[in-house]
Amino acid sequence: MLDIQQIKEIIPHRYPFLLIDRIIEVEEGKRAVGIKNVTTNEEFFNGHFPDYPVMPGVLIVEALAQVSAVIMLMKEENHGKIGLFAGIDNCRFKKQVRPGDQLRLEVEMTRVRGLIAKAHAIATIDDEIVCEADVTFALFDNKKA
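In UniProt numbering, the protein residues as written are 1 to 145.
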């Protein structure tokens with residue numbers, strides 16, 4: 001289990017773009033389960049949509065990708081790297097995510113070859129699938145500009 005401080009030691013994301021609150025299960029290099037508590041105070045709800053707040057689907061996919069990054073960046077040889085999207089396939093959104101929801105973000109690595117990785121990712125609320133996708137990403141050295 002990883003708390004928010006431990007997550008911040010692994011991935012470079014920060015507020016307002018850090019979209020996972022904790023990791024409740026993790027197998028380094030293989031799989032992890034993260035949690036995102038969606039609150040009414042989320043920055044994106046200011047414009048999406050003020051009278052009917054819905055979490056943007058792309059941010060659900062980003063939250064899943066951040067869990068993927070935790071899996072890969074925990075590995076000693078990947079410390080200090082950054083994960084960037086290389087592809088999103090078979091993505092489906094099945095339910096809206098609203099304030100008060102708790103997203104369970106389950107990710108399983110399906111292929112890792114060097115610095116390129118693929119994962120199957122599922123976001124659920126109360127055991128109902130909200131989003132499912134296959135994500136591909138590449139790891140790069142995190143050089144400051």
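A virtual CB, placed ideally from N, CA and C, is assigned to each residue, including glycine.
Worksheet item: With C-beta atoms as the reference, is glutamate 106 less than 8 Å away from valine 61?
Response: At the C-beta level, glutamate 106 and valine 61 stay beyond 8 Å of one another.
Worksheet item: Who are the Cβ neighbours of isoleucine 122 in its own chain at under 7 Å, not counting the five residues just before and after it?
Response: If the five residues before and after isoleucine 122 are omitted, its C-beta is found closer than 7 Å to the C-beta atoms of Glu106, Ile129 and Glu132, all from its own chain and listed in chain order.
Worksheet item: Nearest to valine 64 by alpha carbon, out of Glu43, Arg22 and Val112?
Response: Correcting the residue type first, residue 64 is leucine in the shown sequence and not valine. Nearest C-alpha to leucine 64: Arg22.
Discussion item. What does DSSP give as the partner residue(s) for aspartate 127 in the beta ladder?
Written reply: The secondary-structure analysis by DSSP pairs aspartate 127 with nothing; it has no beta-bridge partner.
Worksheet item: Hey, quick one: how far does the beta strand (DSSP E) through methionine 109 stretch, first residue to last?
Response: For methionine 109, the enclosing beta strand (DSSP E) covers residues 102-113.
Worksheet item: How many whole angstroms separate the CB atoms of alanine 117 and glutamate 108, which I take to be in contact at a CB cut-off of 8 Å?
Response: About 11 Å; that fails the 8 Å criterion.
Worksheet entry | Classification of phenylalanine 137 by the beta-carbon crowding that lies within 10 angstroms, buried from 16 upward | It is buried - the Cβ of phenylalanine 137 has at least 16 other Cβ atoms within 10 Å.
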